[in-house]
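Those protein sequences? They're chains A and B, same order as listed. Quick note, the first sequence lines up with residues 1 to 266 if you use this note's numbering. Quick note, the second sequence lines up with residues 1 to 276 if you use this note's numbering. Ideal Cβ placement from N, Cα and C applies to all residues, glycine included. Quick caveat, the model's predicted, so the values are computed rather than measured.
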Amino acid sequence: MLQDITMGLYIPGDSIAHRLDPRVKIILAVCYVIALICASDILSYGLAALTLAGAVTAAKIKPSMLLRGMRGFIVMIAFTAVLCAFMTPGASWVQWGWLSLSKEGIYKGAQVLLSFILFIAGTSWLTFTTSPLQLMEGMSKLLYPLRYIKVSPQEVALIMSISMRFVPIMAEESYRILNAQKARGAYIDSGNITQRVQAMVSLLAPLFIRAWQRSETLSTAMLCRCYQSGAERTGLRKMFMKRADYTALALMSAVLLIIIALPDYY
Amino acid sequence: MFTIDELVFTYPDENVPVLNGISLHISPGSVVALIGPNASGKSTLARHLNALLLPSSGRVLIEGMDSRDPQYTNLIRQRVGLIFQNPDDQMIGSNVEEEVAFGLGNIGVAPEEIRKRSDEALRMAGIYDLRTQSAHTLSGGEKQRVVLAEVLALRPQGIVLDEATAMLDPVIRQEWLQVLLSAGRKYNLTIFMITHHMDEALLADRVLVLDKGRIVLDGSAAEIFSKVDKLREYGLEPPPLQALMYTLAEAGCPVPAEVYGVKNCAEIISRMLAGE
Ligand SMILES: Nc1ncnc2c1ncn2[C@@H]1O[C@H](COP(=O)(O)OP(=O)(O)OP(=O)(O)O)[C@@H](O)[C@H]1O
Ligand SMILES: [Mg+2]
């Protein structure tokens with residue numbers, strides 16, 4: 001399960017999406033997330049899904065890659081959706097003993113399910129097409145206004161992109177530890193609740209220790225490469241906006257506006 | 001290149017110093033190996049050479065710049081590259097080119113110049129053809145070459161290796177060292193390498209032995225490795241040739257203590273056999 005987390009992974013390529021300005025891609029992703037938050041009807045979700053499909057095509061990413069990324073979260077998403085469905089108040093539609101499900105509840109559950117899936121797919125699109133360093137450079141440019149409140153944009157961008165880089169590394173690491181502990185007879189997939197919790201704790205402890213060590217050495221290595229927090233950096237490529245960037249921004253704003261403008265109805 | 005004066009260092013919240021009065025002068029362009037048992041303070045000393053750690057007392061001068069003076073910190077780190085054991089812990093970018101450009105971006109080099117300098121470093125490290133590959137598809141040896149290229153791109157005067165070859169297999173290790181040494185000759189770099197491999201230390205012009213935070217032996221490789229009993233006292237095992245000579249001498253054979261490679265050793269033995 002854990003090795004399926006492809007979130008935060010970068011897939012090198014030379015597609016239109018890969019060549020977009022990293023700043024633009026970050027803005028696109030943010031707009032998309034806002035659109036998902038505003039979406040409340042079938043039409044809006046359809047439009048968001050269509051946008052995603054377009055973006056994925058432009059990135060030449062295999063849809064199976066996106067699905068694989070989803071697999072690690074599916075239990076969590078499904079659980080949240082079901083919980084949401086039952087918790088939403090409304091006139092009972094189906095009744096099993098003391099459990100009752102309303103039409104509103106089903107609607108709400110489906111909505112949660114859809115937006116989670118679209119959300120994960122969208123953020124994966126961003127990291128699939130943008131390398132961590134590009135993300136970092138793009139973010140520090142976008143966060144430039146933070147300067148005025150005495151926060152270093154580079155610092156924030158760095159922390160964010162490093163934590164993203166850690167996701168696949170940690171997934172790999174936990175998979176390794178998991179196997180090592182399974183070999184020693186840990187109950188992760190089986191056993192009663194107490195045994196499972198114990199097994200989980202013994203998985204997490206080494207994972208955190210390793211994560212801490214890794215971040216420690218990584219930050220030392222960065223200092224050795226003359227990294228100074230708060231200093232102005234330059235990049236391999238100058239960031240500049242091309243026609244594709246403006247087109248992408250225009251399309252995304254249109255989608256966002258339509259979704260916001262679409263009337264909410266149940 | 002490096003001048004160390006009475007360096008004493010204690011980690012914060014500890015009471016026993018890890019480095020205990022080290023004085024050294026390392027001249028530019030030399031290749032120096034530092035060996036010593038675990039926990040003798042080797043890594044701690046290495047971190048003083050590029051101002052990652054600052055002396056508790058005494059001082060460390062890097063090209064005349066005092067490491068405690070904050071105005072020099074960044075320049076010192078440009079001049080002295082530090083390479084660690086695990087390449088995965090040192091890589092920030094996702095593709096090779098980007099990785100090599102990271103350091104140059106940090107010191108504010110212009111994009112065209114970054115391209116030029118990183119291409120040169122990639123060629124020097126023999127990985128120019130891999131430049132668009134993503135980091136996680138590379139082998140360990142290739143990754144460590146990327147780290148080397150990244151350091152070379154900053155055009156340093158010295159490179160410090162903290163067991164940089166420990167994770168490479170023997171053949172790859174030799175290849176990597178040869179790349180490093182030829183870069184060293186080309187740019188007249190000072191190379192300071194910490195190693196647990198005695199055959200690596202044999203490549204150096206000078207070998208230092210650190211024990212409990214003190215430099216206990218200092219001399220040419222031939223000289224240091226001839227002191228077999230001393231080395232064993234510090235828990236170090238000399239390379240096989242030197243150990244052989246030592247054992248022969250102990251058995252009463254008339255062999256010199258210092259040997260210089262297989263050829264020299266073979267000559268000594270054949271002369272000895274002919275003499276009998
Ligand atoms: N950050 C730290 N805080 C406190 N003590 C430390 C720290 N780092 C190292 N030490 C201690 O300092 C001593 C020397 O450590 P150092 O890592 O320099 O040894 P080393 O010679 O590099 O060993 P090895 O061969 O295992 O790499 C050890 O006793 C170690 O426990
Ligand atoms: Mg060490």
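Neighbour flag for residue i against chain B, beta carbons, 8 Å
i               : result
L142 of chain A : no
R147 of chain A : no
A254 of chain A : no
R233 of chain A : yes
L271 of chain A : In the structure displayed, chain A extends from 1 to 266; residue 271 of chain A sits before or after that span and is not available.
L133 of chain A : yes
Interface partners of residue i on chain A, CB under 7 Å
i               : result
Q174 of chain B : Near Q174 of chain B there are no residues of chain A at all, since even the closest Cβ is about 24 Å away, more than 7 Å.
V89 of chain B  : Before going further, note that residue 89 of chain B is Asp rather than Val in the sequence given. The contacting residues are R214, T217, L218 and A221.
E150 of chain B : R225
I4 of chain B   : Correct list: empty, because the minimum Cβ distance to chain A is about 19 Å.
Within-8 Å CB hit, residue i to chain A
i               : result
P111 of chain B : yes
F102 of chain B : yes
N20 of chain B  : no
Y11 of chain B  : no
R123 of chain B : no
F192 of chain B : no
Q78 of chain B  : yes
F84 of chain B  : yes
I62 of chain B  : no
I269 of chain B : no
I127 of chain B : no
E142 of chain B : no
E98 of chain B  : yes
I224 of chain B : no
I35 of chain B  : no
Proximal residues of chain B, C-beta to C-beta of residue i below 8 Å
i               : result
Q228 of chain A : N74 and N106
Residues that residue i contacts on chain A, provided the C-beta gap is smaller than 8 Å
i               : result
T132 of chain B : P12
R155 of chain B : Those do not exist, as R155 of chain B stays about 12 Å from chain A at its closest Cβ, beyond 8 Å.
Where residue i sits in the DSSP three-state scheme
i               : result
I191 of chain B : strand
W93 of chain A  : strand
L7 of chain B   : strand
I258 of chain A : helix
R214 of chain B : strand
Q3 of chain A   : With a pLDDT of only 44 at Q3 of chain A, under the threshold of 50, the placement of this residue in the model should not be trusted; the figure read from the coordinates follows. In this structure, Q3 of chain A counts as helix in the three-state DSSP scheme.
F2 of chain B   : strand
P12 of chain B  : coil
N106 of chain B : helix
I26 of chain B  : strand
G109 of chain A : helix
W176 of chain B : helix
D129 of chain B : helix
N50 of chain B  : coil
S270 of chain B : helix
L236 of chain B : coil
A277 of chain B : No answer is possible for residue 277 of chain B: the residues shown for chain B start at 1 and end at 276.
R79 of chain B  : helix
Assumed close pair residue i, residue j - CB separation to whole angstroms, cut-off 8 Å
i               : j               : result
I26 of chain A  : L101 of chain A : So it is not a contact: roughly 39 Å between Cβ atoms.
Q85 of chain B  : E163 of chain B : 5 Å
D245 of chain A : D41 of chain A  : The Cβ separation is near 30 Å, so there is no contact.
A101 of chain B : I114 of chain B : 5 Å
G103 of chain B : E150 of chain B : 6 Å
P156 of chain B : V80 of chain B  : 6 Å
Any non-hydrogen atom of ligand 2 closer than 7 Å to residue i Cβ
i               : result
D205 of chain B : no
D129 of chain B : no
E163 of chain B : yes
K277 of chain B : Past the boundaries of the shown model lies residue 277 of chain B; chain B is included only from 1 to 276, so the question cannot be answered.
S23 of chain B  : no
S43 of chain B  : yes
Residue i Cβ short of 7 Å to ligand 1 heavy atom set
i               : result
A39 of chain B  : yes
S270 of chain B : no
T130 of chain A : no
M36 of chain B  : Here the sequence assigns Gly to residue 36 of chain B, which means Met is not the residue at that position. The answer is yes for G36 of chain B.
E14 of chain B  : yes
Y45 of chain A  : no
V209 of chain B : no
Y11 of chain B  : yes
V18 of chain B  : yes
Contacts of residue i in chain A (Cβ-Cβ under 9 Å)
i               : result
G280 of chain B : Only positions 1 to 276 of chain B appear in the structure, and residue 280 of chain B is not among them; the question remains open.
L52 of chain B  : T220, L223 and C224
N95 of chain B  : Y10, P12, S131 and L133
I159 of chain B : Within chain A, no residue comes near I159 of chain B; the closest Cβ sits about 11 Å away, beyond 9 Å.
I26 of chain B  : By Cβ distance, chain A contributes nothing, its closest Cβ being about 19 Å from I26 of chain B, past 9 Å.
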